[in-house]
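Below: one structure, written as structure tokens.
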Amino acid sequence: MMLQLEPIGFFHTQAQYPYDVPRQGVLAAGNSGVIELLPGKGFEQALEDLDGFSHLWVIFWFHLNQSWHAKVRPPRHRERKVGVFASRSPYRPNPLGLSVLKIKDINGLKIQVQDHDLLDGTPILDLKPYLPYADSFPEASAGWTAATPSESHSVHFSPLAEQQLQWLSQNGLGCLKTFLCVQLASDPLNPARHRLVCLQGCTALAYRTWRACFSINARDVEVEAILSGYSSTELLQASDQYHDKELHRRFLEVFPYSGQGGSEPPATELQGSLKDIN
């Protein structure tokens with residue numbers, strides 16, 4: 048039997064890479080996106096009366112996946128693999144995704160949503176309203192996840208880090224703060240889960256060509272500063288594999304110092320070469 052599915056629309060957000068989004072949308076509360084349905088299909092009528100609901104089920108296609116795995120190792124269960132049908136892994140025989148998203152606004156064919164785990168360009172296959180009386184089962188058993196409780200950390204940002212993240216967001220890197228909140232909230236010092244690097248005595252989490260220095264006190268994580276992953280020599284070179292050196296240069300013009308603990312060493316002294324983590 049052959050089945051044919053066609054997208055009813057596509058998802059738009061700043062998240063472009065799998066590590067830009069949490070493993071579950073509720074783990075990054077507040078991140079936003081837009082479901083834009085296709086014109087000329089009569090979907091304006093199909094959306095009528097949806098505005099009375101606070102949440103909706105979104106059925107979508109994991110469009111970046113090329114294969115599936117019978118056994119997977121979920122982020123919360125690193126000790127052993129579990130069957131893919133007992134997980135939320137995207138690597139499935141039929142790469143169908145299912146998420147509950149919070150509705151913020153509906154305008155024409157565009158649905159503004161929050162608390163999502165979808166990437167930009169994700170094909171949307173169907174929408175259904177979330178019904179608390181039918182879809183919520185507080186007494187449901189949680190299988191293997193019940194034996195692996197998540198020990199969450201609170202993630203905070205120094206004034207400098209807040210300024211840097213705001214500037215980066217205004218200049219096209221809006222996913223970095225969400226990435227840091229999600230990654231550092233769970234097992235932040237586990238190198239099996241995170242790309243960690245030591246820079247001038249600072250533990251840093253790598254995000255593409257950027258580094259976020261952080262410290263831990265009990266269950267509190269503080270992001271102290273955002274650093275460029277390029278060395279001063281690398282920034283002078285013409286090659287630009289990731290097409291982002293100009294953003295790094297402008298960033299260092301605005302933030303020439305990345306002070307930690309009251310000191311303000313030149314930013315070039317804090318830069319970590321990309322070869323340190325690649």
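Under this note's numbering, the first residue of the sequence shown carries the number 48, and numbering increases by one thereafter.
Every residue gets a Cβ at the ideal spot worked out from N, C-alpha and C, and that includes glycine.
Residues bridged to residue i [DSSP beta-bridge criterion]
i    : result
D173 : I106
Q159 : V81 and D152
S275 : W257
D167 : Answer is none; D167 lacks a bridge partner.
F57  : E83 and P170
G89  : The partner list for G89 (beta bridge, DSSP) is empty, contrary to what the question assumes.
K118 : G130
E269 : H203 and S262
Burial state of residue i (16 or more Cβ within 10 Å)
i    : result
I171 : buried
G308 : Low confidence applies to G308: its pLDDT is 31, below 50, so where it sits in the model is not reliable, and the reading given next is rough at best. G308 is exposed by the Cβ-count criterion.
A285 : exposed
E316 : In this predicted model, E316 has a pLDDT of only 35, less than 50, meaning its place in the structure is not dependable enough to derive any value.
S310 : Below a pLDDT of 50, predicted positions are generally treated as unreliable, and S310, at 33, falls in that range; the measurement from the model is reported next regardless. It is exposed - the Cβ of S310 has fewer than 16 other Cβ atoms within 10 Å.
R240 : exposed
R258 : buried
G144 : buried
Q211 : buried
G56  : buried
H290 : exposed
Q318 : Bear in mind that the predicted position of Q318 carries a pLDDT of just 41, short of 50, making it too unreliable to give a figure here.
V301 : exposed
S134 : buried
L174 : buried
N146 : Just to set this straight, residue 146 is Ser in the shown sequence, not Asn. Classification of S146: buried, given that the 10 Å Cβ count is 16 or more.
Cβ-heavy atom distance, residue i to the ligand MN, below 7 Å
i    : result
S183 : Looking at this structure, you won't find the ligand MN or any other ligand, since it has none at all.
Of the listed residues the options, nearest to residue i (C-alpha basis)
i    : options                   : result
L282 : T256, W214, K224 and N154 : T256
I82  : L50, S136, N154 and L143  : N154
G219 : E293, D173 and S146       : E293
E126 : P54, I158, A194 and R135  : A194
L111 : F226, P142 and T280       : P142
Q51  : S278, Q217 and W108       : W108
A207 : V270, L165 and L246       : The sequence shown places Leu at residue 207, not Ala. The shortest C-alpha separation from L207 is found at V270.
P137 : K151, K157, Q113 and I158 : Q113
Presumed contact (8 Å Cβ cut-off) between residue i and residue j, rounded CB distance
i    : j    : result
V160 : L148 : 4 Å
L94  : L103 : Actually they do not touch by this definition, with Cβ atoms about 10 Å apart.
S275 : F298 : 6 Å
G221 : Q61  : 4 Å
D162 : N78  : 7 Å
- Query: Residue ranges of each beta strand (DSSP E) run of no fewer than 3 residues wholly in the segment 180-246, ordered along the chain?
  - Reply: 201-204 and 243-246
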